[in-house]
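*Asks:*
This is the structure in structure tokens:
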């Protein structure tokens, strides 16, 4: 019985396979879904003042949403009251929303957006605002407009 391929041909095919198989099976960043890279405030952070905004940085900019609102960030206090203004600003890979102030306590950030590959991604995290030792808690009250004082 005669071999179908010569030893030299089989050796070449094995070498080509050894090169192509790892290349073909390697995960490409273009094939992976985007992910959350950083948050501000950080997850589980303990702050002494309520931040003015919350920002989320993704591994890639989200899908273009100039005409559609693909991104949502909701920030709630311990009582479940929304403290964000609901407007999401996108600047490159960073999403942000302004906060309207709030009392000390635990805040929950829920977010959802459409990644650059068109798939929805979402998550949540918490941070805490504590009153510094020796200070009393004063509830947040927005100032009245200048004409109404």
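Numbering (our numbering), first residue to last: 2 to 150. Glycine residues also receive a C-beta, built at the ideal position from the N, C-alpha and C atoms.
Hey, could you find the ends of the beta strand (DSSP E) residue 123 is sitting in?
*Replies:* Here residue 123 refers to the residue found at position 122 of the chain shown. Residues 121-130.
*Asks:* Which residues in the same chain as residue 133 place their Cβ atom closer than 8 angstroms to its Cβ, once the five residues preceding and following it in sequence are excluded?
*Replies:* Numbered from its first residue, the chain shown carries residue 133 at position 132. Contacts found: 49.
*Asks:* At the level of alpha carbons, what is the spacing between residue 129 and residue 22?
*Replies:* Counting from 1 along the chain shown, the entry for residue 129 is found at position 128. Counting from 1 along the chain shown, the entry for residue 22 is found at position 21. Whole-angstrom Cα-Cα distance: 49 angstroms.
*Asks:* If you run the structure through DSSP and keep just helix, strand and coil, what is residue 88?
*Replies:* What you label residue 88 is simply residue 87 of the chain shown in a count that begins at 1. In the structure shown, residue 88 sits in coil (DSSP, three-state: anything other than H, G, I, E or B).
*Asks:* Can you determine whether any heavy atom of the ligand FAD sits closer than 6 angstroms to the C-beta of residue 19, and answer yes or no?
*Replies:* Ligands in the displayed structure: none, and consequently the ligand FAD is not present.
*Asks:* Note the first and the last residue of the continuous beta strand (DSSP E) segment covering residue 43.
*Replies:* As a first step, residue 43 is located in the chain shown; it is residue number 42 there, counting from the start. Premise fails: residue 43 is in no beta strand (DSSP E) and is neither H nor E.
*Asks:* Find out if the Cβ-Cβ distance for the pair residue 94, residue 59 is shorter than 7 angstroms.
*Replies:* Locating residue 94 in the chain shown gives position 93, where the first residue counts as 1. Locating residue 59 in the chain shown gives position 58, where the first residue counts as 1. Yes. Within cutoff.
*Asks:* Shortest alpha-carbon distance to residue 100 belongs to which of 92, 112, 119 and 83?
*Replies:* Position 99 of the chain shown, counting from 1, holds the residue named residue 100. When each option's Cα is compared against that of residue 100, the closest is 83.
*Asks:* Pull up the CB-CB distance for residue 37 and residue 14, whole angstroms please, since I reckon it's below 8 angstroms.
*Replies:* Here the question's residue 37 lines up with position 36 in the chain shown. Here the question's residue 14 lines up with position 13 in the chain shown. Residue 37 to residue 14, Cβ: 44 angstroms. No contact.
*Asks:* Could you tell me which of 122, 35, 80 and 86 sits nearest to residue 109, measuring between CA atoms?
*Replies:* On the chain shown, position 108 is the one that residue 109 refers to. Checking every option, the nearest Cα to that of residue 109 belongs to 80.
*Asks:* Mind checking whether residue 74 and residue 91 have CB atoms under 7 angstroms apart?
*Replies:* By one-based count along the chain shown, residue 74 stands at place 73. By one-based count along the chain shown, residue 91 stands at place 90. Their beta carbons are not under 7 angstroms apart, which means residue 74 does not touch residue 91 by this criterion.
*Asks:* Name the DSSP beta bridge partners of residue 111, please?
*Replies:* Within the chain shown, numbered from 1, the residue matching residue 111 stands at position 110. Residue 111 is bridged to 75 and 125.
*Asks:* What does DSSP give as the partner residues of residue 98 in its beta bridges?
*Replies:* The residue you call residue 98 lines up with position 97 of the chain shown. Residue 98 is bridged to 55.
*Asks:* Count the other C-beta atoms from every protein chain shown that fall within 10 angstroms of the C-beta of residue 87, then say buried if there are 16 or more, exposed otherwise.
*Replies:* Counted from its first residue, the chain shown places residue 87 at position 86. The residue in question, residue 87, is exposed, as its Cβ has fewer than 16 Cβ neighbours within 10 Å.
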